[in-house]
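What follows is a single structure, written as structure tokens, with notes after it.
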Amino acid sequence: MGRRLGQRRLGKPLRAAYLAAMQDPQASPAFILVRPQMGENIGAAARAMLNFGLERLRVVGPRDGWPNPKAVAMASGAGRLLDFAGPYPDVQAAIADCDYVFATTARNRELTKPVMTPERAMEHARALIAAGKRVGVLFGPERAGLENSDLVLANAIVSVPVNPDFPSLNLGQCVLLLGYEWRRQTACVPPEVMAMAGTDFASGIEVEKLGDHFEDRLEAAGFFFPATKAAGMKLVLRNMWSRLHLTRADVQSLHGMLRQIARHLPKDGD
1 MGRRLGQRRL GKPLRAAYLA AMQDPQASPA FILVRPQMGE NIGAAARAML
51 NFGLERLRVV GPRDGWPNPK AVAMASGAGR LLDFAGPYPD VQAAIADCDY
101 VFATTARNRE LTKPVMTPER AMEHARALIA AGKRVGVLFG PERAGLENSD
151 LVLANAIVSV PVNPDFPSLN LGQCVLLLGY EWRRQTACVP PEVMAMAGTD
201 FASGIEVEKL GDHFEDRLEA AGFFFPATKA AGMKLVLRNM WSRLHLTRAD
251 VQSLHGMLRQ IARHLPKDGD
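Letter 94 of the sequence shown, counting from 1, is numbered 94 in full-length UniProt numbering, and no numbers are missing.
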């Protein structure tokens with residue numbers, strides 16, 4: 001009964017937005033649930049997304065396996081979002097086709113990245129998508145949120161101004177907040193993004209491969225020393241690549257520089 005009532009109350013503007021999203025699924029951000037712990041929260045997230053005309057749900061490494069009957073039951077009329085949600089093996093796979101990635105977190109992190117409110121983040125997302133870019137939004141697991149190894153893959157952080165004495169947000173609530181801001185935003189493109197409309201930005205997988213290339217060369221050069229600090233040094237480098245928001249031309253140039261340097265370095269035994 002509740003689902004039928006919800007369908008009858010669906011207004012013309014929301015119905016039009018939903019039909020547009022179905023025709024062009026890339027015209028909205030992908031909401032990516034990273035290692036969610038409860039099927040009920042996945043279902044609640046799906047419902048929240050469909051409330052605001054969002055269809056692109058992706059699930060990374062759900063704790064209780066996939067498909068999840070509790071997620072299906074909670075999603076109710078939004079269950080079709082789960083049919084194409086994955087699961088994905090890791091965050092890199094889930095964002096491989098994204099040109100720009102936001103990561104939601106309620107805690108201060110030592111990583112240097114732009115920090116935006118949900119309102120500003122969804123305004124920026126609309127502008128990027130209007131410029132032909134693909135956008136992803138990462139949501140962390142219920143217990144502890146996203147880890148630094150997840151955050152380094154994002155271009156910017158979304159921080160909700162919540163009560164500092166009780167900052168924890170339910171996964172479904174967080175998705176609802178971002179979905180609401182997405183729906184509420186106008187289609188106006190901010191001037192700073194209009195200037196980037198013709199820019200061919202590197203995809204997530206291209207930036208990841210560049211990071212791999214740099215790590216290989218730096219490893220061979222003995223850069224990661226001492227070994228006890230190697231993991232942290234690599235994390236800082238990965239964070240730098242995602243923060244720079246590189247173009248495909250940038251990535252190709254950096255690969256070329258590394259190859260040229262490698263050709264002219266002395267070989268072992270020389």
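Don't be surprised by glycine CBs; every beta carbon is placed ideally from N, CA and C.
Note that the structure is predicted; figures quoted are calculated from it, not measured.
Quick one: using the 10 Å Cβ neighbour count with 16 as the cut-off for buried, is residue 124 buried or exposed?
Mapped onto the sequence shown, residue 124 falls at position 124. Counting Cβ neighbours within 10 Å, residue 124 comes out buried, since at least 16 surround it.
Answer with buried or exposed for residue 99, where buried requires no fewer than 16 other C-beta atoms within 10 angstroms of its C-beta.
Translated into the one-based positions of the sequence shown, residue 99 becomes position 99. Burial call: buried.
From 209, 236, 42 and 256, pick the residue whose C-alpha is nearest to that of residue 276; which is it?
What is shown of the chain runs 1 to 270, which leaves residue 276 out entirely.
Checking 8 Å against the spacing of the C-beta atoms, do residue 138 and residue 96 come in under that value?
Walking along the sequence shown from the start, residue 138 turns up at place 138. Walking along the sequence shown from the start, residue 96 turns up at place 96. Contact: no.
Would you kindly work out how many angstroms separate the C-alpha atoms of residue 118 and residue 207, rounded to a whole number?
The sequence position of residue 118 within the sequence shown is 118, counting from 1. The sequence position of residue 207 within the sequence shown is 207, counting from 1. Near 25 Å, if we compare the C-alpha coordinates of residue 207 and residue 118.
Under the rule that 16 or more other beta-carbon atoms within 10 Å means buried, what is residue 62, buried or exposed?
The residue labelled residue 62 in the question sits at position 62 within the sequence shown. It counts as buried.
Reference residue 251, options 56, 201 and 221, closest by Cα:
As a first step, residue 251 must be located in the sequence shown, where it is residue number 251. Selected option, being the one with the closest Cα: 201.
Test item: CB-CB of residue 30 and residue 47 under 8 Å
Within the sequence shown, numbered from 1, the residue matching residue 30 stands at position 30. Within the sequence shown, numbered from 1, the residue matching residue 47 stands at position 47. The answer is no: Cβ separation not under 8 Å.
Counting along the chain, where does the beta strand (DSSP E) carrying residue 100 start and finish?
Numbered from 1 along the sequence shown, position 100 holds the residue referred to as residue 100. Segment 100-104, the beta strand (DSSP E) holding residue 100.
Where does residue 224 sit, in a helix, a strand or coil, going by DSSP?
For this step, residue 224 is matched to residue 224 along the sequence shown. DSSP places residue 224 in coil when its eight states are reduced to three.
Identity of the residues DSSP links to residue 58 by a beta bridge:
Taking the first residue of the sequence shown as 1, we reach residue 58 at position 58. The partner list for residue 58 (beta bridge, DSSP) reads 32.
Please determine, among 211, 218, 121 and 164, the residue with the shortest C-alpha to C-alpha distance to residue 185.
For the purposes of this step, residue 185 is identified with residue 185 of the sequence shown, where counting begins at 1. It is 121 whose Cα lies nearest to the Cα of residue 185.
Is the beta carbon of residue 133 closer than 8 Å to that of residue 243?
Here residue 243 refers to the residue found at position 243 when the sequence shown is read from its first residue. Here residue 133 refers to the residue found at position 133 when the sequence shown is read from its first residue. No; because the gap between Cβ atoms is not below 8 Å, this pair is not in contact.
Three-state secondary structure (DSSP) of residue 38
Position 38 of the sequence shown holds residue 38. It is coil, neither helix nor strand.
Examine chain C for any beta-carbon lying closer than 8 Å to the beta-carbon of residue 148, and answer yes or no.
As a matter of chain content, chain C is missing from the structure shown, which is built from one protein chain.
Tell me, please, whether the region 203-221 touches the region 246-266 by the rule of three or more beta-carbon pairs shorter than 8 Å.
yes
Given a threshold of 16 other Cβ atoms within 10 Å of its Cβ, counted over all protein chains shown, does residue 228 qualify as buried or as exposed?
To locate residue 228, count along the sequence shown from 1; it is residue 228. Residue 228 should be labelled exposed.
Rounded C-beta distance between residue 128 and residue 135? I'm assuming under 8 Å.
Residue 128 sits at position 128 when you count from the first residue of the sequence shown. Residue 135 sits at position 135 when you count from the first residue of the sequence shown. Residue 128 to residue 135, Cβ: 5 Å. Contact.
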